[in-house]
Amino acid sequence: MKPELSHFLFWDCDENKIDYDKRVNFVLERVFSMGTENDVREVVKYYGMEIIKTEIVKIKILDKKPLII
1 MKPELSHFLF WDCDENKIDY DKRVNFVLER VFSMGTENDV REVVKYYGME IIKTEIVKIK
61 ILDKKPLII
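Counting in this note's numbering, the final residue of the sequence shown is number 69, and the numbers go up one at a time with none missing.
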């Protein structure tokens, strides 16, 4: 089951067509740059901390300081 995320995160695309397994970086970029605390909890529940730790460092627009997990 896909995570229940804030609708405003995907304002520019059809969120029903997002493949959460193939677009991990896209989803994480939106959540960690604009998401709420609940959005973060949802992606942690969906992906797990190991996948997030591996993938989040690949996102170039996020500042590295807050990425220490």
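The C-beta atom is built at its ideal place from N, Cα and C for all residues, glycine as well.
Nearest-angstrom beta carbon gap, residue j and residue i [assumed within contact, 8 Å]
{"i": "S6", "j": "G35", "result": "6 Å"}
Start and end residues, alpha helix (DSSP H) containing residue i
{"i": "K53", "result": "49-56"}
{"i": "N25", "result": "24-34"}
Own chain, CB closer than 7 Å to residue i, minus 5 neighbours either side, in chain order
{"i": "E37", "result": "none"}
Under 8 Å between C-beta atoms of residue i and residue j
{"i": "E29", "j": "I61", "result": "yes"}
{"i": "E42", "j": "E4", "result": "yes"}
{"i": "Y20", "j": "K2", "result": "yes"}
DSSP-derived helix/strand/coil call for residue i
{"i": "D83", "result": "Residue 83 lies beyond the range of the chain shown here (1 to 69); nothing can be said about it."}
{"i": "D39", "result": "helix"}
Own chain partners of residue i with C-beta closer than 8 Å, once the 5 adjacent residues on each side are dropped
{"i": "F70", "result": "This structure cannot settle anything about residue 70, because the visible part of the chain is limited to 1 through 69."}
beta-carbon residue i near the ligand ATP non-hydrogen atom, thresh 7 Å
{"i": "R23", "result": "Of the ligands one can find in the structure shown there are none, so the ligand ATP has no counterpart to examine."}
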